[in-house]
Amino acid sequence: MAAFTAWVEYIDTSTVLIFLVMLLCALWLLSSSDGPTNWPPGPKPWPVIGNADLFWNNDQLYLTFMELAKTYGDVVHLRVGPSGHIILLSGHEVIREAFVDKGEYFSNRPNTSHIPLMKYTNKGKGIIMQDGEDWKTLRRFTLRALRDFGLGKSSLEDKIKDELENVLDELDKKCGVPYCPQKLFYQPVSNIICSIIFGHRYSYDNKEFQHMLDAMMYRFEHSGPKLILGTILPAPLALLIPKVRKMLEVDREIRDFVRKRIDEHRDTFDGDNVRDFIDLYLKTEQSGEESGAFTDANMFEVIDDLFLAGTDTTSTTLLWGLLYLILYPEIQAKCRLEILQAIGQDRLPSMKDRDELPYMEAVILEIQRLGSIAPSAVPHVTSESITFRGYDLPKNTLVRANLYQSHMDPEIWEDPVAFNPDRWLDENNMLKTNPAFMPFSVGRRMCLGDSLAKMEMFLFIATLLQRFDFRMLDAGSPPSTEGIQGLTRSPRKYELIVSRV
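When you line the sequence shown up against the working numbering, it's residues 695 to 1195, in that order.
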């Protein structure tokens, strides 16, 4: 022991630094030798950390990706950590070639080799992070369940309208005073998902539900680029980061809430009286017909996926909607006039009114384009080694789609930063499509909540404009349209003035 102490005392700071430099160099040499020699072009990586510096504390990663595309082209290679690789695809033709034309090679999802922390957060894989036959089975089941419980039917429309009544009441109370709408849509949109999954909605003063929503909002706001270091480090090291530990704590709170609901359903389950999504899952699980996919662990992850696909995405899009409508009051007025002429104020707007409101539909499309809430979508992974656009991509390579760039490409969109719904209408006032518009991504991994989101956006925006006028606090100091990138790209907090129409 005395000899060891003497040896430690002999080691000075210089020796330690030399050792660390040698270790880092060794790791860099090992990491530099992996993979093909013809990776796509990209920024020069740092030793060991690669290009991870681009991600750290970067809440506008979508702008960084835009600049990378301008500098290096439509296919860019990034290194993350000593052995991680990311391929960034830009341009709608390149993205569609990968995810649609060659979708069988680009449709896998990340696993613990890409994100070691997943072993602590994902006991199952659900739908979003699932691969292979289990993914097909669970996606098919979930889409059928959504249809069974109202998607595309008047029953779901009625649930949306019920939640809208609460939104109208809230706005009515805030008329004439500065109001921040940051949390206006989160609970009603979550309740719509709850009615499908759990079979009932929650009152706005339910403390348990509010606690769960707060946990979900924290997770959405603090995920994404801000946690990149915690995702690339080996799990034991990642757990030393306070933000990572907080995220795991929040994740446990959400799991506890959902687990309690599942246990309640098990206690009252009747296979002859299927009440909601959980009952249908339990019935399928107990039938044993597709037991490989229908596990308890996957049940929680599927429910979590539905909240992700149906809560944060829609509520964030609606926040962008109010922001652009107060920034462009003339567009808001034109949209309201169309609604009042087609529907009046004696009844709430209905999905049956969509064909009569082409300008409002164009407004929604423009909100989605400029909002770009999923600027690089959920990561894909190559299922096999493939040569793509002249570059060799190994199996298990992470791939990101630069959707924000596609929505802001000046070669596709005239004056892309302008909020201009007319770009979506032809000379006959009919809606136009554009292949560069991909708010729900494209291909076999396209968001499964797109139909629900479209219903909610139409009914919410049409109803709000039918009943209320929204204005900036100070026209001389408009709120920013810069986004903050967490799990989704959300607007910075802003206030507005509400008045009755």
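All residues carry an ideal CB built from backbone N, CA and C; glycine is no exception.
query: Just to confirm, are leucine 1051 and glutamate 1024 a CB contact at a threshold of 8 Å?; result: no
query: Contact between the region 1062-1078 and the region 1096-1107 is defined here as three or more beta-carbon pairs at a separation below 8 Å; is this criterion met?; result: yes
query: Given that a residue counts as buried once 16 or more other Cβ atoms are within 10 Å of its Cβ, and exposed if not, what is asparagine 992?; result: buried
query: Within its chain, find whatever has a CB closer than 8 Å to the CB of isoleucine 1191; leave out the 5 residues flanking it on each side and keep chain order.; result: Gly870, Val871, Pro872, Tyr873, Phe1164, Arg1165, Met1166, Leu1167
query: Can you give, in chain order, each stretch of the alpha helix (DSSP H) that sits fully within the region 1068-1143 and has at least 4 residues?; result: 1097-1101
query: With which residues is serine 1193 paired in a DSSP beta bridge?; result: Asp1163
query: Of the choices Arg1083, Leu783, Leu1013, Met823, whose alpha-carbon is the least far from that of glutamate 1176?; result: Leu1013
query: Using the Cβ count rule (16 or more neighbours within 10 Å means buried), how would you classify tyrosine 898?; result: exposed
query: Could you tell me the alpha carbon to alpha carbon distance between threonine 758 and tryptophan 750, rounded to whole angstroms?; result: 12 Å
query: Going by DSSP, what residue range makes up the beta strand (DSSP E) through glycine 840?; result: A small fix is needed here, since residue 840 is leucine in this sequence, not glycine. Not the beta strand (DSSP E): leucine 840 falls in the alpha helix (DSSP H), residues 826-842.
query: Starting from the C-beta of glutamine 876, find all residues in its chain whose C-beta is less than 6 Å away, skip the five residues before and the five after it, and write them out in chain order.; result: Lys1187
query: Grouping DSSP H, G and I as helix and E and B as strand, with all else coil, what is glycine 965?; result: coil
query: For serine 1131 versus histidine 1101, is the C-beta distance shorter than 8 Å?; result: Before going on, a small fix: residue 1131 reads as phenylalanine here, not serine. Going by C-beta atoms, phenylalanine 1131 is nearer than 8 Å to histidine 1101.
query: Would a C-beta distance cut-off of 8 Å place phenylalanine 664 and phenylalanine 1001 closer than the cut-off?; result: There is no way to answer for residue 664, as the model of the chain reaches only from 695 to 1195.
query: Apart from the five residues on each side of it in sequence, which residues of its chain come closer than 6 Å, Cβ to Cβ, to aspartate 768?; result: Ser784, Gly785, Val788
query: Enumerate in chain order the residues of its own chain whose CB-to-CB distance from asparagine 1114 is below 7 Å, with the five nearest sequence positions on each side excluded.; result: Glu1060
query: Would DSSP call arginine 1186 helix, strand or coil?; result: coil
query: State the Cα-Cα distance for the pair arginine 841 and cysteine 1029, rounded to the nearest angstrom.; result: 30 Å
query: Beta strand (DSSP E) containing isoleucine 1178: first to last residue?; result: 1177-1179
query: According to DSSP, is valine 794 part of a helix, a strand, or is it coil?; result: helix
query: Taking one C-beta from the region 940-949 and one from the region 976-988 each time, how about it: are there three or more such pairs within less than 8 Å?; result: no
query: Would you call the region 851-870 in contact with the region 878-890, where contact means no fewer than 3 C-beta pairs closer than 8 Å?; result: yes
query: Nearest-angstrom Cα distance between leucine 1125 and alanine 1056?; result: 7 Å
query: Round the Cβ separation of valine 1075 and histidine 808 to the nearest angstrom and send it over; I've been treating them as touching at under 8 Å.; result: 7 Å
query: Are there 16 or more other CB atoms within 10 angstroms of the CB of histidine 894, so buried, or fewer, so exposed?; result: exposed
query: Report all residues from its chain with a CB closer than 7 Å to the CB of isoleucine 705; omit the five preceding and five following residues, and keep chain order.; result: With a pLDDT of 43 at isoleucine 705, under the threshold of 50, the modelled position of that residue is not reliable, and the figure given next carries that caveat. Once the five neighbours on either side are set aside, isoleucine 705 has no close Cβ partner at all.
query: Have a look at lysine 830 and glutamate 902 and give me their C-alpha separation to the nearest angstrom.; result: 34 Å
query: Closest to aspartate 1047 by CA distance: which of Ile1155, Gly965, Pro804 is it?; result: Ile1155
query: Is histidine 779 helix, strand or coil by DSSP?; result: strand
query: Can you tell me which residues form a DSSP beta bridge with valine 774?; result: Gly744, Gly778
query: How is the alpha helix (DSSP H) around glutamine 980 delimited, first residue to last?; result: 971-981
query: Cα separation between asparagine 745 and lysine 937?; result: 21 Å
query: State the beta-bridge partners of valine 769 as determined by DSSP.; result: Leu783
query: Short check: CB of methionine 906 to CB of phenylalanine 951, under 8 Å?; result: yes
query: Using the three-state DSSP reduction, which class does asparagine 636 fall into: helix, strand or coil?; result: No statement about residue 636 is possible, as the shown extent of the chain runs from 695 to 1195 and does not include it.
query: State buried or exposed for valine 1195, treating a residue as buried only when at least 16 other CB atoms are found within 10 Å of its CB.; result: exposed
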